[in-house]
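Undergrad: Offset between the sequence shown (1-based) and this note's numbering: plus 170.
No residue lacks a Cβ here, since even glycine has one placed at the ideal position from N, Cα and C.
All values reported here derive from a predicted model rather than from experimental measurement.
This structure is in structure tokens; I'll ask about it shortly.
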Amino acid sequence: MKTKRKFMSILLALCMVFTLMPMTAFAAGTDDNKLPVVYAGICAGSSDNNTGADADHAVLTLDKALELVEESGTIMVCGQLYTNGDFMLENVTLERANNYTEKLLYVNSGSLTLKNVTIDGKKDDIKVGDFGALIAVPNTTLNIGEGTVLKNNGAMAVYGFGQNPIVNMTGGKITGNDSGTRGGGILMQPGGELNLTGGEITQNTALGQGGGICFLGKGTITLDGTKIKENSAYRGGGICIEGMAGAASLVMESGEITGNRLIPRMEDYGDGDVYYWLQDGAGICAWYGTKGSDTAVDIRGGTISGNIATDELAEDPGMGSAISLNRSDDKNNDRPLGYPTLKLSGSPTISGDVALWDWELYEDVDDEWTLVEASSPIIEVAEDFAPTTPVEVQSDYATEGTAAVRFPTTMTATEAEALFTSADERLMLAADGQELKWLELTPVSFKTQDNRETYKRVYLRPGTTIDSSLAPVEGGLEGVTAPAEGYALAGWVGYGDYDLWDFSTGIVEDNSMSLLAVWGPAAPSVTLTADKTTVHVEGSFMLTATPSHPLSGVTYSYAWYRDGVLLDGETNATLTTDESGSYTVKVTATRGRLTSVATESSAVVCTVESHSLTKTEEKPATHMTMGNKEYWTCGGCGKHFSDAAGTTEISLESTIIPKLPGHTADNTSWHSDETNHWNTCECGEMLNKVGHTFEWVVDKEATATEAGSKHEECTVCGYEKAAIEILATGTDIPKTGDSSHMFMWIMLALLSGGGVLMLALKGRKKTNQ
């Protein structure tokens with residue numbers, strides 16, 4: 171029986187080993203069958219029965235490729251791959267295989283979601299067709315998530331087409347893609363829905379419209395978080411949008427459109443004559459095209475800045491480094507077909523110019539070319555529009571009186587005008603009703619005295635004053651210098667006028683103006699001295715101003731100041747004063763009709779010292795000596811005062827108290843003998859002699875066992891007789907109020923009372939019997 175039990179145990183153990191061995195082998199076989207690189211796509215000889223190990227054995231479908239490739243492996247796309255339904259693609263790399271030039275992924279139905287996916291078009295190695303996108307979205311949906319990179323394609327990265335393709339970007343990056351036509355990063359044509367809430371579209375290029383995004387058709391771009399930066403194109407370096415067969419709109423809630431640029435275009439006129447020029451919309455280009463559909467850009471927040479509409483090859487900059495509103499013209503009459511609209515609200519940052527491609531028509535009227543019609547794109551401003559900086563606007567023609575901005579009735583003209591500046595310093599946007607229209611400013615030239623050279627030219631609104639800070643200053647950047655020593659810029663005078671221009675009241679005219687420099691005496695030099703800088707109370711100082719000037723025939727005017735406050739009426743070269751303070755003098759030089767600016771002297775500090783008082787205490791008069799009242803004496807001037815503040819001056823004689831005619835007690839206190847006490851006068855005479863008034867004073871209390879002592883003492887002079895003994899009391903009877911034996915007495919009383927009560931009760935009992 172034991173042998174049988176042992177045999178069964180061994181058999182069970184072998185079975186366990188046997189069952190484990192095939193599982194381990196299967197796992198090893200699974201890992202070994204996964205490939206780091208799998209070739210896939212619709213191409214010659216492709217089949218899901220192939221191994222996918224190379225291009226000659228490519229699998230047909232993406233599903234099969236994902237089955238064969240190891241995690242984070244690479245699928246080499248040698249033919250188009252389709253997805254159907256709601257397809258999730260993650261943790262894999264797709265690369266364009268050699269010699270394959272068409273689209274890599276085709277979202278055939280449903281949606282494709284990408285997460286941690288890299289798709290590489292390998293543009294440096296493979297030249298592709300114009301529409302050889304990394305991903306085609308034909309009326310389906312593409313979701314680009316975190317960790318996804320769509321890069322290095324020789325065409326656009328994403329191509330959305332059909333009736334309503336949808337592309338949602340919540341993360342990842344679209345970068346380094348170059349399109350030979352439109353949409354380096356994303357091309358949506360004819361329209362669709364593009365929702366951008368995260369990630370980056372960066373460093374893509376289009377040799378056409380829309381380096382980052384090109385949206386042609388009906389639909390909406392919503393930008394709310396994605397960064398569109400450092401892309402480039404001929405037109406619309408960041409974004410180009412045009413409505414076709416329906417309205418197209420770009421709504422920017424947040425995010426960035428930064429660092430995008432325009433690519434210069436080249437015109438070759440032969441014989442080596444090459445011309446480079448730039449188009450428009452480095453950040454955003456909105457276009458109203460020949461299809462006649464509305465295009466709107468709606469900026470509510472975010473940042474548009476640092477976009478570049480210049481290039482060293484191009485002679486002139488492009489228009490609209492921030493935003494361009496452009497249009498197509500009717501070929502039959504050269505009139506605009508329509509204009510894009512720019513809507514502004516919220517608090518965005520818009521740095522760079524907004525270009526309005528306006529239009530004007532001149533006709534021959536009585537042998538003169540006359541403006542007969544003009545129009546422009548319109549910027550619509552919402553009530554809450556509060557940009558971080560004013561928006562710079564420029565126009566192609568900027569025809570005076572043409573409206574460029576429309577603002578709500580809740581906004582004042584001044585508020586609306588403050589929201590915008592003109593890229594052309596000769597123009598401004600001026601309020602007229604609820605519109606801002608182009609207004610030509612008056613050129614004001616600051617020129618040399620002989621009217622030959624211009625220091626500076628500014629452009630100002632007609633009917634306003636000139637801010638004095640706009641005028642050139644001597645020694646400034648404009649090169650204004652004095653014609654000779656001793657002269658300074660006294661001001662400006664209108665050409666043909668006599669009086670200096672008053673910047674506070676002078677009004678700018680409609681026509682150009684010239685203000686000529688006027689040279690007058692320079693500010694003088696001045697030295698300020700004082701005969702003394704310290705005096706006692708009631709003393710005075712004399713200060714003297716000594717001016718000088720290199721020009722002859724100069725007269726001076728003076729204004730004196732104490733502690734920075736003008737002293738009214740003090741206009742002489744000298745000043746006499748008895749007050750402390752820091753004194754300066756301002757001096758101007760006048761020569762003919764012109765007066766210089768004032769020169770202020772260095773300060774001279776003058777100090778009036780107050781009384782230094784010492785108190786003399788009151789001293790009563792005596793029979794032998796005079797006394798005095800209390801008084802104070804100044805150590806500086808020697809004057810005497812009756813009060814500590816030194817306000818009431820007195821004579822020393824008024825403080826004297828004469829000697830007293832009668833005898834007076836000296837300061838030797840009482841004198842005494844056994845019977846009397848008395849005072850003495852300084853002369854030695856005795857006075858106030860009376861007998862002592864004694865009272866007993868106990869020196870030591872007597873006790874029952876020890877004697878005490880006491881003596882008699884005068885209450886007036888303190889004379890004391892000899893002490894006498896107080897006998898010991900000789901008894902221990904407690905004093906009244908002593909409670910040291912109280913408990914014993916109470917107990918005796920209680921016992922006695924109890925005995926009496928018992929006797930009484932006993933007697934009563936006998937009586938009752």
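In three-state DSSP terms, what is residue 759?
TA: Strand at residue 759.
Undergrad: Check residue 799 in the structure and name its three-state DSSP category.
TA: It is coil, neither helix nor strand.
Undergrad: Pick helix, strand or coil for residue 227, following the three-state DSSP scheme.
TA: It is helical.
Undergrad: Helix, strand or coil: which one does DSSP assign to residue 843?
TA: Residue state, collapsed to three classes: coil.
Undergrad: Which class does residue 849 belong to by DSSP, given the choice of helix, strand or coil?
TA: It is a strand residue.
Undergrad: Considering just the uninterrupted stretch of the beta strand (DSSP E) at residue 233, what are its terminal residues?
TA: Looking at the DSSP string, residue 233 is not in any beta strand (DSSP E); the run it does join, the alpha helix (DSSP H), is 232-238.
Undergrad: Can residue 470 and residue 515 be called in contact, C-beta distance under 8 Å?
TA: The answer is yes: Cβ separation under 8 Å.
Undergrad: Are three or more beta carbon pairs between the segment 751-769 and the segment 785-804 nearer than 8 Å?
TA: These segments do not touch.
Undergrad: Any chance the segment 860-867 sits against the segment 881-897, with 3 or more Cβ pairs inside 8 Å?
TA: Segments in contact, yes.
Undergrad: Return the first residue and the last residue of the beta strand (DSSP E) that residue 729 is part of.
TA: First-last of the beta strand (DSSP E) with residue 729: 725-732.
Undergrad: Helix, strand or coil for residue 640 per DSSP?
TA: If DSSP states are grouped into helix, strand and coil, residue 640 belongs with the helices.
Undergrad: Count the other CB atoms within 10 Å of the CB of residue 898; is the residue buried (16 or more) or exposed (fewer)?
TA: Residue 898 comes out exposed.
Undergrad: For residue 584, report the span of its beta strand (DSSP E) as first-last.
TA: Counting along the chain, residue 584 falls outside any beta strand (DSSP E), though it belongs to the alpha helix (DSSP H) covering 583-587.
Undergrad: Can you list, in chain order, the stretches of the beta strand (DSSP E) that have 3 or more residues and sit fully within the segment 338-386?
TA: Taking only runs of at least 3 residues, the beta strand (DSSP E) segments lying wholly in the segment 338-386 are 343-345, 356-358, 361-366, 370-372, 375-379, 383-386.
Undergrad: According to the Cβ coordinates, are residue 228 and residue 210 closer than 8 Å?
TA: Result yes, Cβ atoms of residue 228 and residue 210 sit closer than 8 Å.
Undergrad: Along the beta strand (DSSP E) that carries residue 534, what are the first and last residues, could you check?
TA: Element bounds for residue 534: 529-535.
Undergrad: Return the CA-CA distance between residue 503 and residue 531, expressed in angstroms with no decimal places.
TA: Looking at the two C-alpha atoms, the distance is approximately 11 Å.
Undergrad: Going by other Cβ atoms of all chains shown within 10 Å of its Cβ, with 16 needed for buried, is residue 906 buried or exposed?
TA: For residue 906, the pLDDT reaches just 45, beneath the cut-off of 50, and the residue's location in the model is therefore unreliable, although a value from the coordinates is still provided. Residue 906 is exposed by the Cβ-count criterion.
Undergrad: Closest to residue 685 by CA distance: which of 231, 642, 827 is it?
TA: The option with the nearest alpha carbon to residue 685 is 642.
Undergrad: Does the Cβ-Cβ distance between residue 425 and residue 396 come in under 8 Å?
TA: Yes, these two residues count as a Cβ contact at 8 Å.
Undergrad: What do you reckon, are the CB atoms on residue 243 and residue 266 nearer than 8 Å?
TA: Their beta carbons are not under 8 Å apart, which means residue 243 does not touch residue 266 by this criterion.
Undergrad: Only counting the same chain, and skipping five residues up and downstream in sequence, which positions put a Cβ closer than 6 Å to that of residue 741?
TA: Excluding positions up to five away in sequence, the list reads 728.
Undergrad: Using only CA atoms, which one of 440, 847, 854 lies nearest to residue 832?
TA: The shortest C-alpha separation from residue 832 is found at 854.
Undergrad: Between residue 553 and residue 598, is the Cβ-Cβ spacing less than 8 Å?
TA: In this structure, residue 598 does not lie closer than 8 Å to residue 553 by Cβ.
Undergrad: Using a Cβ-Cβ cutoff of less than 6 Å, which residues in the same chain neighbour residue 673 once the five nearest sequence positions on both sides are dropped?
TA: So the list reads 636, 638, once near-sequence residues are dropped.
Undergrad: With DSSP run on the structure shown, which of helix, strand or coil describes residue 203?
TA: Looking at residue 203 - three-state DSSP - the assignment turns out to be helix.
Undergrad: From residue 457 to residue 644, what does the alpha carbon distance come to, in whole angstroms?
TA: The alpha-carbon atoms of residue 457 and residue 644 are separated by roughly 49 Å.
Undergrad: What do you get for residue 903, buried or exposed, if any count of 16 or more other CB atoms within 10 angstroms of its CB means buried?
TA: Low confidence applies to residue 903: its pLDDT is 46, below 50, so where it sits in the model is not reliable enough to give any reading.
Undergrad: On the three-state DSSP scale, how would you describe residue 183?
TA: With a pLDDT of only 43 at residue 183, under 50, the local geometry of the prediction cannot be trusted, and the value read off the model is given with reservation. The answer is helix: DSSP assigns residue 183 an H, G or I state.
Undergrad: Would the segment 349-361 and the segment 313-331 be scored as touching if the rule is three or more Cβ pairs under 8 Å?
TA: Yes: at least three Cβ pairs fall under 8 Å.
Undergrad: Quick check: what's the CA-CA separation for residue 357 versus residue 304?
TA: Between residue 357 and residue 304, the C-alpha separation is close to 11 Å.
Undergrad: Return the bridge partner residues of residue 954 from the DSSP annotation.
TA: Missing from the structure shown is residue 954; the chain here goes from 171 to 939 and no further.
Undergrad: Return the first residue and the last residue of the beta strand (DSSP E) that residue 706 is part of.
TA: Looking at the DSSP string, the run of the beta strand (DSSP E) that includes residue 706 is 704-706.
Undergrad: Starting from residue 605, follow the beta strand (DSSP E) in both directions and report where the run begins and ends.
TA: Here the beta strand (DSSP E) through residue 605 covers 605-610.
Undergrad: Over what stretch of residues does the beta strand (DSSP E) that includes residue 290 continue unbroken?
TA: Where residue 290 is concerned, the enclosing beta strand (DSSP E) stretches over 281-290.
Undergrad: Relative to the alpha-carbon of residue 805, which residue among 795, 816, 796, 798 has its alpha-carbon at the smallest distance?
TA: Closest by alpha carbon: 816.
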